[in-house]
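Going by this note's numbering, the sequence shown opens with residue 110, and the numbers climb by one from there. A quick write-up on the structure given underneath.
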Amino acid sequence: MAGNVKDKEAFQRLNFLYQAAHCVLSQTSENVELARFYCFTQKTIAKRLVLRQDPSVKRTLCKKCLSLLVPGVTATARQRTTKHRNRMTVLRCLRCGQCKRFLNNPEHRLWVDQPEAQLENQSQPEQGPSTKELKEKADGPISQLSSTGPSSTQHQVPPSKPKT
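So this is what it looks like as structure tokens:
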């Protein structure tokens, strides 16, 4: 992700803003607006530079008001069960009321965390013969003779002169 220097600096800035929002909220819980400003700035920078944020970071931000979701301070966390006996964690933002639901499945892995999602682990597809090579194999030497010009068995007819 952070291949070139510009992106590396941008990711460092995003990381700083995220840590600053956490630090401000941990000192006093009245600094919610300052933490929201840091998160809003972080989201704006990521959107402007077209950078993907880590899913763990996106999970802790409210999509509606962009406040940092810290259970007990800016959000409430509840454990729920669904009809299919799946356990879910529900985070509810105290500022806007937006809910986020996360599945509590220990076997569940995000696509980003799976090995086939990493570009380094993917193998290059084998280069098969090109269509030109396949065509030459199928046609054989006949197409090569006809493409090089007339053979000795063919006669060229000179163009006739127009009658006047």
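Where is the CB? At the ideal position from N, CA and C, for every residue including glycine.
For Asn213 and Leu219, the gap between their C-alpha atoms comes out near 13 Å. According to the DSSP secondary-structure assignment, Gln188 is paired through a beta bridge with Thr198.
Listed in chain order, the non-local C-beta contacts of Arg187 below 6 Å within the same chain comprise Val199, local neighbours out to five positions each way being set aside. DSSP places Lys172 in no beta strand (DSSP E); its state is neither H nor E. Apart from the 5 residues on each side of it in sequence, Leu134 sits with its Cβ closer than 8 Å to the Cβ of Asn140, Val141, Ala144, Leu177, Val179, Val182 and Thr183 in its chain, given in chain order. In this chain, the alpha helix (DSSP H) harbouring Cys148 covers Val141 to Arg157. Gln121 counts as exposed, since fewer than 16 other beta carbons sit within 10 angstroms of its beta carbon. The stretch 164-175 and the stretch 201-213 touch, with three or more beta-carbon pairs separated by less than 8 Å. Residue state for Leu212 is assigned as strand, using DSSP reduced to three classes. A Cβ-Cβ contact shorter than 8 Å links Cys148 with Leu175.
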